[in-house]
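Asks:
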Amino acid sequence: MGLPLWLRLLARPPVLWLFLQSAALYFFFTYNPTPAHRLERWLLGLSASIHEIFYGLARPWLALSEVERLRKMNEELLNALATIPFPSPPLSYPLAAWGDFTAMQKYRFIAAEVVYQTIHHRANYAILNKGGQDGVYPGLSVVGHRGIVGVIAETTATYSVMYSVLHRDVHVAVTLPRHQAVGFTTWSTPTLNELHVEYIPLYISVEVGEEVWTSSNSLIFPGRIRVGVVERIESDFTQGFHEVIVRTYEDWQRLGTVFILCPAS
Amino acid sequence: MREGTAFLNIGFLTLVFQLGLARHISVHSYAVPMPYVMYWLYLPLSWNPYWGLVAASVFGVILDILFPPYGLQSFCGLWVWGLRRFWLRALHPTLPEKAEATLFQRFSSGDFFAYGFPLTLWHHLWYISLVEWSLGFHTLLRIGLSSLYSFFWEWVIFELLLHRYHAR
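In order, the protein sequence lines correspond to chains A and B. Residue numbers are given in my numbering: position 119 of the first sequence equals residue 109, and the series is strictly consecutive. When you read off a place in the second sequence, starting at 1, and then add 12, the result is the number in my numbering.
#1: What residue ranges within the region 36 to 105 of chain B form continuous alpha helix (DSSP H) runs of no fewer than 4 residues, ordered along the chain?
#2: Could you tell me the distance, in whole angstroms, from the CA atom of residue 225 of chain A to the CA atom of residue 175 of chain A?
#3: Is there at least one Cβ from chain B nearer than 8 Å to residue 53 of chain A's Cβ?
#4: Secondary structure at residue 175 of chain B, three-state DSSP: helix, strand or coil?
#5: Residue 18 of chain B by DSSP, collapsed to three states: which one?
#6: Let me confirm a value: residue 96 of chain A is counted as buried when at least 16 other C-beta atoms fall within 10 Å, else exposed. Which label applies?
#7: Could you list which residues in chain A have their beta carbon closer than 9 Å to that of residue 83 of chain B, in chain order?
#8: For the alpha helix (DSSP H) that contains residue 43 of chain A, what are its first and last residues?
#9: Scan the region 41 to 67 of chain B for residues whose Cβ lies nearer than 7 Å to a Cβ of chain A and list them as they occur along the chain.
#10: For residue 161 of chain A, which of A:169, A:152, A:151 and A:173 has the nearest alpha-carbon?
#11: How is residue 6 of chain A classed by DSSP in three states: helix, strand or coil?
#12: Using a Cβ-Cβ cut-off of 8 Å, state whether residue 100 of chain B counts as contacting chain A.
#13: For residue 182 of chain B, list the residues DSSP reports as bridge partners.
#14: Looking at the strands, I want to know which residues DSSP matches up with residue 99 of chain A.
#15: Shorter than 8 Å from the beta carbon of residue 28 of chain A to some beta carbon of chain B?
#16: List, in chain order, every chain B residue whose beta-carbon is nearer than 7 Å to that of residue 3 of chain A.
#17: Can you tell which of B:21, B:34, B:49 and B:59 has the C-alpha that lies nearest to the C-alpha of residue 133 of chain B?
#18: Does the beta carbon of residue 6 of chain A come closer than 8 Å to any beta carbon on chain B?
#19: For residue 59 of chain B and residue 3 of chain A, what's the separation of their Cα atoms in angstroms?
#20: By Cβ distance below 6 Å, which residues in the same chain neighbour residue 223 of chain A in space, the five residues on each side in sequence not counted?
#21: Please report how far the alpha carbon of residue 9 of chain A lies from the alpha carbon of residue 111 of chain B, in whole angstroms.
#22: Quick check on residue 90 of chain B - is its C-beta less than 8 Å from some C-beta in chain A?
#23: CA-CA distance, residue 206 of chain A and residue 190 of chain A?
#24: Check whether chain A comes within 8 Å of residue 163 of chain B, counting only Cβ atoms and requiring the distance to be less than that.
#25: Compile a chain-ordered list of the residues in the region 139 to 155 of chain B whose CB is closer than 9 Å to at least one CB of chain A.
#26: For chain A, find out if any of its Cβ atoms is closer than 8 Å to the Cβ of residue 87 of chain B; answer yes or no.
#27: What's the call for residue 165 of chain A, buried or exposed, on a 16-neighbour Cβ count within 10 Å?
#28: Would you mind sorting residue 81 of chain B into buried or exposed? The rule is 16 or more other CB atoms within 10 Å of its CB.
#29: Alpha carbon to alpha carbon, how far is residue 138 of chain B from residue 108 of chain B?
#30: Can you name the start and end residues of the beta strand (DSSP E) that residue 256 of chain A belongs to?
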């Protein structure tokens, strides 16, 4: 009894040769990652090319649909914006409406000369030729002919140290008289005669050239003393406040006679 | 029986050559000698094809184990073994079948080149292109140079060993 025909066919040397070649190739492709990687890369390249071609063809339609999508989004946003209630700004009254309270506080002006001053420090100060013997004590405010200058920090019998408003630790409550908005001065960058006024809300429409006065909230200075003029506005919308840069009326490099304000009572 | 031990010796010799020497005498990566192709060229043509297939495959498997990637040596070696009879018939159409047993005794260097080099080239074409998975200029250069270099060593074996061996 001989072998069946199909088995005889399969057992022929060329068929066995083919079978062994196939087995060898199977092992090669199974244990060698390079062809699979190359094939994968080639297929990726092919698919990228196909996508690029189709994208190039469809680009005008995609652009049109994008424009349409943006138009609709804009419309929706405008509609949504129309329904958002904006916070109403506080009522502002003319200065005179509340009367002038400055008369309630009487001050004595002590004239003093600057005998020494720093200019390019972050903590600028000046030494004045009036001290404790003249009734000067720490915490008094100092003004010049044109506006505020600083605050008395230390005194001896005959001299006193005045911290300038251009000092990193001196913050003065100021106001924009047109709006009665209160802010605080800071000075951290060494730019002489420039103060930053912070915490002015964004709904206040500050304008360049506006005057800045001391606020009656100030614990150091009496209210309504001129500080400077708004030079520029750098609004930071992420913080919710304006940052107002004010050019001081007093020129720190040309201080002459200054006046220490001492409460009369 | 004499030719049976001879092809085993060739197989062993070329394996030792490949293991110990080939790496050191390669010319960068462009000319790598693989004289073990000689084994498939030298397998007796007068044998039963089944035994020939077994002998060719076993040598291929040994090479696969020693020099991966697995399967590739068997694949390329079986190509050489499968084509060599057709190639010989194409070169010498009038060669009588009985003469196949004393083939290497009759071969001159020129005959051996005509028989061995195209088959070595065919082996290297498959082997190197599949290993690199490329058919670029550098791959083709490697195939050509390696084939020449391999054949040089095959020729050395043929001239120094086989020619003398068959002449005895």
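The C-beta atom is built at its ideal place from N, Cα and C for all residues, glycine as well.
Replies: Quick look at the numbers:
#1: 49 to 54, 61 to 78 and 84 to 103
#2: 15 Å
#3: no
#4: helix
#5: helix
#6: exposed
#7: 13, 14, 15, 16, 17, 18, 19, 20, 21 and 22
#8: 23 to 73
#9: 61, 62 and 65
#10: A:173
#11: helix
#12: no
#13: A question about residue 182 of chain B goes unanswered here, because the residues of chain B that appear run from 13 up to 180.
#14: A:251
#15: yes
#16: 61, 62 and 65
#17: B:49
#18: yes
#19: 13 Å
#20: 196, 232 and 234
#21: 30 Å
#22: yes
#23: 16 Å
#24: no
#25: 142, 143, 144, 145 and 146
#26: yes
#27: buried
#28: buried
#29: 31 Å
#30: It is not possible to answer for residue 256 of chain A, since the shown part of chain A is limited to -9 through 255.
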